[in-house]
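Chains as they are written, first to last, in the numbering used here: chain Y, 3 to 698; chain Z, 45 to 322; chain B, 36 to 390.
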Amino acid sequence: MNTIQTVCPYCGCGCGLYLHVEAGRIEGTSPSKLHPVNGGSLCVKGWNAHEFVSHPDRLKFPMIREDGRLRRASWDEALDLVARKLSGIKTSYGPDSIGILSSAKCTNEENYLMMKFTRAVLGTNNIDHCARLCHSSTVGGLAAAFGSGAMTNSINEIPEAKVLFVIGSNTTEQHPMIGKHMLEAVDRGAVLIVADPRRTQIAEFAHIHIRHKCGTDVALLMGIMNVIVNEGLVDVDFVRRRTENFDAFEEILRRFPPDVVEGITGVKAHDVRRVARIYSMEKRSMLFYAMGITQHITGIDNVRACADLVMLTGHIGLPMSGLNPLRGQNNVQGACDMGALPNVFTGYQPVSDSKTRTKFERAWRRKLPGGPGLTVMEMTDSAYEGRLKGMYIMGENPLLSDPDLSHVREAMKRLEFLVVQDIFPTETAEYADVVLPASSFAEKDGTFTNTERRVQLLRKAIPPVYESRPDWEILGDLMTRMGYRMNYRGAYEIMEEIALLTPSYGGIHHHRLQEGFGLQWPCPDGNHPGTPYLHRRKFARGLGTFIPIDFVPPDEPPDREFPLLLTTGRISFHYHTGTMCRRTMVLDREEPECYLEMNPLDADRLGLKHRSMVKVTSRRGSIKVRLYVTPRIPEGSVFIPFHFKEAAANILTNPAVDPNAKIPEYKVCAVRVEPLHAPREVEKPPVVDLEDLRIT
Amino acid sequence: MRTASGKRTKAENIYLPVSGRIEEIRKKTEDVSLFRVSTASPLRYTPGQFFMVSVWGAGEVPISTASLCEDDLFVEFCVRKAGTVTGAIHSLQEGDRLWLRGPYGNGFAVGRRANGDVLLVAGGIGIAPLRPIIQMFAKDGSAGSVTLLYGSKGPQDVVFMDEVQVWRSGGIDVILTVDRANCDWRGSAGLVTDLWHRARVDFSRATAYICGPEIMIKSVMRDLSLFGMPDERIITTLEAHMKCGVGKCGHCYSGPKYICTDGPVFSYKEIKEYSLLG
Amino acid sequence: MKSEWVLSKDHLSYWLRQLRNERELIGPLRDGGKDILFRTVDMLHEIVLECPSSLPSPKGFLFPQYEAMFSCRGLSLSDGSDGKREISDLRDRTRRVIFGVRSCDVSAVRLLDAFCLGKLRDPYYEERRRNTFLISLVCNNPDPTCFCLGLGTGPYLEEGFDIQMTDLGDRYFVQAGSPEAVRTVRAMNFFFRKPRKVDYEDQYEVFLSSKARFRKRINLEGPRQAILSGKVGDDFWQEVTDRCFECGGCSYSCPVCTCFTVTDRINPEGIERARLWDSCMFKGFTRMAGGVLPNEKRVQRTKRWYYHKLVHYPRTTGKFGCVGCGRCAVACPGKIDMARTATKIKGLALKEEVE
């Protein structure tokens, strides 16, 4: 039996785990006891991370669509077809008629290669990935405020913190190992403030639980900052020396006194004041947020408000003091770092900057496009309108993860050519012209970057199953076939190239990651030990900028026709579109079906029974789910997890996006809930007795 | 076990099922069918015991025997389509193979000539494990009176409706009830617990055999105990999620007892003592 | 039977090399991140002799997290009456010797033996157990979470081991507790010598000092009595449960937990029936046909876990279903574990007595 140290493939925590390999087969998983993130624990997904690897549903060989059906093909045949088709589209319609979706589930090396493929080989900037749908507002918002969009602190600093302010994050379920550290901090006497409309598990431990209305985060945060300014709790020194544009910001802040905020958010003015005082008075204050902040049409504003709050109080640039976006996917941080985004190269170097472009052009020996490309949602729209002709989707499943699925489905149908590269057959693969089988996390080498910027080594435990190949190999092969020779000997060579072109990854090489638990970027040179917390002494962009923001209500508030506010999210046993976890015995058994959480008061009013089947309808479609009546959700709101393809919550969600970040508003849309079966007439018991039937 | 023992007996595998042939499938209600299965080697089982029944590729489930073991040649299972495995069983046809291991469990200790009256209370598919007892009393008669109180959801859901006449002519007082009646229904409507007055049974001397949904079992046992039936004569068979049937997988562990090996048949006395029902 | 020898430390690797000729040698090794894990020993010098407790326990060698039980070829889901059928029993027959097992884990294996090899013998466990030979070391390096001392399951054992070795500085005191162990030692008797008086004295000394290293002293009898006397109410269990993340880590990491589930996989090369670790801490663990969840509330499941180990185990076997290895304390993200819960129960009982 051998044990292979690797990284969990589920969430952004990036827990260290060992795969137990016996005779070429993964037999088990165990947590790393000394790992700084998980320290001997794992969540239920992590403990079962090995199981889907050998699942019989794995894509086994390349497939090509012929006469409407997918048939088995050889790698040569499939890749030649992809190369021919993509080249054809590029010549006939121009490079910008091809769109690429990279993947936050793939390694840094693979994302880098995908980015290189898009820009150098295809000659377009149309590359994006699912970060658009979870944290594009963070990347945009924090880049503007600080110059870099990532968690500023490390996870193992959390237990030492004195105040934890968690907003829009169901931490114990979605980032369980961060939740573990938070509980530890609370045990050690930290004050925990949770702002979430739902009563989540972490809220049970909160000293203050704020249940503001969905989509009013800006107002809440502005209210808190208003109190901080009015009560003189501002870190004047910090604001004066390290930030700019405070005056313009203060101007707009005056519009948010606590009583006005109470009107908008439903949070008592008294509580707003309490939070302001508690948060600002303690230096070791960490602010955490997740999708509850980002997935709104005001996503960027929400993020900016958080950034403003930490600058106002000077809670940044120190250990145990900072702003911490909790990233969703295991490598969503890495995929962003690697420039799988339409506007930046690796390390957030803008494509519009001619100096940067020249650097990459010289390294890659190709002319590179300078205008920003299309985002995920824009690609869908563009395909729908027929401007985008071809798409290459690696390890993503837009047909379950994007909002307004009917629209996405139609867009996929209209594509001339669609390539899907994945480990399991997905909903999206049903529309693919070519399906390429990729290797799972256990079958390849590479690196993942977790939410705290820790770049960790992923190690190959078993050879690729069936005919599957690691994504980087597939991409390298394809690029060669398209006339751009690639001959990396291993993922480590790709990492060397990344280090060469990316200042923040400058000192990150595979050999440095072999021992221990990875390096946290920025790590500019080969001797740099990594950076546990960001913005020490100086922000990445120099001075931090206060950005004035105003409150904008959600795009689709409940009305008479659709009276309930739907918010979506995840549950602890499942992960995103369920491709991996729903193929894990224990996980699928725990939550085999989709459900809708509803407050008992609403359920009573609508005459709906716990566990009955209901129909949920929004302006875009309807799904059938089981009703789960619980006071965890406030009156007037309902919650649906989006993992289930049988009842995809994203059929309902609103595709309205943040104007800058282009992140869709998953967290708020208006729905109507009806009983699925009309309540049956109560039939009267018959008066006839069966005395005549009885034999006594 | 010490690793030492030199002799290497080739231990048999308690998890290995044997193949059986589906001789007959009788559809009983919308989602319940009766499968008659024969195996190469003779079967010996008692009422209340169960088999682990499997379809390769779908999995295994515990299913109690619905027939009286008379000539060792076959066993009948009454299966309701409720999940993956039972769904797979329902997709099989006569002549197909079904895989079995067992019988497991303690079974009902039913004397052919019970002292006093016998009361059988069944709810829904819960009639299946009681069917062999009914058949036994219908065939051999009993010292006292035998009453069956059988509740179903609706008139279409009465499993073994076709056998009720046979049971009645065997001297069993069959009282049927449904939750939701329609105009064709000539039996009673309501819960089984509303029909105690109809059972012509001397509760203090009777023995009760109960099977059905947990909530029904609980209220029936409580009522009978109140009527003065001794707790050790109120006997039920419990249902539980099981993966092995042999006391290893842990799923059916309840209180200190394994339902598969210590049960599935328990008296009210044991149920209370070990708090087997919540 | 008790047979005792002395092995010079210089001879240890020779002896292990000899053992490895016949069996796969498993030992505690450091992996990339300095974590201790039991795996196949490649280089003998890499075995860590004084190490903290491994996570997971060596349970996986006798009861792996995923274990194929049968493979079945020539069968489809809806299986016609004819067609070739071939069911093969996939019992693992690898002969293994696990070196450096802790006493608590040996005690856990004894509990597993009692459970799996009772009236109905689990063939997979039996086969692996028969082929596995444990060499335990008297524990001189307890973790802060360890509490075997109060349970009599460590740091050294009086009986029940295959081979127990005590580190006497320059040599090991070797005790063989099973006929096979005696045979194994005798077969290589040129490495061993008979113990002298000084060896016995030194061994006693080590026993005493190893006991002194424990920080936690927890007795489970008090909590058991408290539970039996009804002093531990549901509100206590609710408080414990509030911190549960439903990760199953307590059961996965426990060397005594053996709950499993079975799954069938239809692979291209045939159907595989496999069993995998499961935990009673999941609500779906007891889901009945039709979707009823008898243990839907988390508190019911927490109670079940503790009752099984603290109340039902002693009732049926006379021993606690816990060996004090402290792994649940490491694995639980919510910091719920046997030692902490036992301490809390004791506090609760004391408070009641005072009142």
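The beta carbon of each residue, even a glycine, is placed where N, CA and C say it ideally should be.
8 Å Cβ cutoff, residue i in contact with chain B
{"i": "Y/E252", "result": "no"}
{"i": "Z/C122", "result": "no"}
{"i": "Y/S442", "result": "no"}
{"i": "Y/R591", "result": "yes"}
{"i": "Y/T382", "result": "no"}
{"i": "Z/Y253", "result": "no"}
{"i": "Y/A454", "result": "The sequence given here places Glu at residue 454 of chain Y; Ala does not occur at that position. By this cut-off, Y/E454 is not an interface position."}
{"i": "Y/K415", "result": "no"}
{"i": "Y/N4", "result": "yes"}
{"i": "Y/K182", "result": "yes"}
{"i": "Y/E206", "result": "yes"}
For residue i, the nearest candidate out of the options (CA to CA)
{"i": "B/R12", "options": "B/M223, B/V275, B/P258 and B/L184", "result": "In the structure displayed, chain B extends from 36 to 390; residue 12 of chain B sits before or after that span and is not available."}
{"i": "Y/R306", "options": "Y/G330, Y/L81, Y/A221 and Y/Q522", "result": "Y/A221"}
{"i": "Z/D256", "options": "Z/M265, Z/R249 and Z/S248", "result": "The sequence as given places Gly at residue 256 of chain Z; Asp does not occur at that position. Among Z/M265, Z/R249 and Z/S248, the Cα nearest to that of Z/G256 is on Z/M265."}
{"i": "B/E194", "options": "B/V141, B/W40 and B/H80", "result": "B/V141"}
{"i": "Y/I365", "options": "Y/F347, Y/T482 and Y/T382", "result": "Note on identity: in this sequence residue 365 of chain Y is Ala, with Ile being the wrong assignment. The shortest C-alpha separation from Y/A365 is found at Y/F347."}
{"i": "B/V217", "options": "B/C282, B/Y160 and B/L169", "result": "B/L169"}
{"i": "Y/D273", "options": "Y/L223, Y/Y433 and Y/S94", "result": "Y/L223"}
{"i": "Y/E454", "options": "Y/L417, Y/I91, Y/I625 and Y/L521", "result": "Y/L521"}
{"i": "Z/D238", "options": "Z/A132, Z/P173, Z/L112 and Z/L268", "result": "Z/L268"}
is_contact[residue i, chain Y] using C-beta, thresh 8 Å
{"i": "B/T296", "result": "yes"}
{"i": "B/I61", "result": "yes"}
{"i": "B/D70", "result": "yes"}
{"i": "B/F182", "result": "no"}
{"i": "B/K332", "result": "no"}
{"i": "B/I133", "result": "no"}
{"i": "B/L90", "result": "yes"}
{"i": "B/L385", "result": "no"}
6 Å Cβ shell around residue i - same chain, five flanking residues per side excluded
{"i": "Y/E499", "result": "none"}
{"i": "Z/D246", "result": "D161"}
{"i": "B/V334", "result": "W272, Q273 and T276"}
Pair within 8 Å by beta-carbon distance, residue i and residue j
{"i": "B/F182", "j": "B/G356", "result": "no"}
{"i": "Y/G30", "j": "B/L90", "result": "no"}
{"i": "Y/R60", "j": "Y/Y468", "result": "yes"}
{"i": "Y/Y494", "j": "Y/G478", "result": "no"}
{"i": "B/A309", "j": "B/T293", "result": "no"}
Close-in-space but distant-in-sequence residues of the same chain around residue i (CB under 7 Å, 5 per side omitted)
{"i": "B/E256", "result": "none"}
{"i": "Y/M481", "result": "F119, V123 and M488"}
Residue i at chain Z interface by Cβ criterion, 8 Å
{"i": "B/R350", "result": "yes"}
{"i": "B/L54", "result": "no"}
{"i": "B/G325", "result": "yes"}
Cut-off 8 Å between Cβ atoms - residues of its own chain near residue i, not counting five sequence neighbours on either side
{"i": "Y/K35", "result": "G41 and G42"}
Inset, instruction - Could you say if the segment 354 to 363 of chain Y and the segment 182 to 197 of chain Y meet the contact criterion of at least three C-beta pairs nearer than 8 Å? - result: In short, these stretches do not touch, since the Cβ pair count stays below three.
Inset, instruction - Answer yes if the segment 310 to 320 of chain B comes into contact with the segment 367 to 382 of chain B, meaning at least three C-beta pairs across the two stretches below 8 Å, and no otherwise. - result: The answer is no - the segment 310 to 320 of chain B does not touch the segment 367 to 382 of chain B, with fewer than three Cβ pairs under 8 Å.
Inset, instruction - Examine the Cβ distances between the segment 433 to 446 of chain Y and the segment 458 to 471 of chain Y and report whether three or more of them are shorter than 8 Å. - result: Short answer: they touch.
Legend entry - At least 3 beta-carbon pairs within less than 8 Å: the segment 135 to 153 of chain Z vs the segment 342 to 349 of chain B: no
Inset, instruction - Please confirm if the segment 219 to 226 of chain Z is in contact with the segment 188 to 208 of chain Z, defined as three or more CB-CB distances below 8 Å between the two stretches. - result: The count of Cβ pairs closer than 8 Å, one atom from the segment 219 to 226 of chain Z and one from the segment 188 to 208 of chain Z, reaches three, so the stretches are in contact.
Legend entry - Cβ pair count under 8 Å reaching 3, the segment 645 to 653 of chain Y against the segment 540 to 554 of chain Y: no
Legend entry - Cβ contact check for the segment 316 to 326 of chain Y and the segment 96 to 106 of chain Y: 3 or more pairs under 8 Å: Not touching, per the Cβ criterion.
Inset, instruction - Take every Cβ of the segment 554 to 574 of chain Y, pair it with every Cβ of the segment 614 to 621 of chain Y, and state whether three or more of those distances are shorter than 8 Å. - result: Touching, per the Cβ criterion.
Inset, instruction - Give a yes or no on contact between the segment 50 to 58 of chain B and the segment 131 to 151 of chain B, applying the rule of three or more CB pairs nearer than 8 Å. - result: yes
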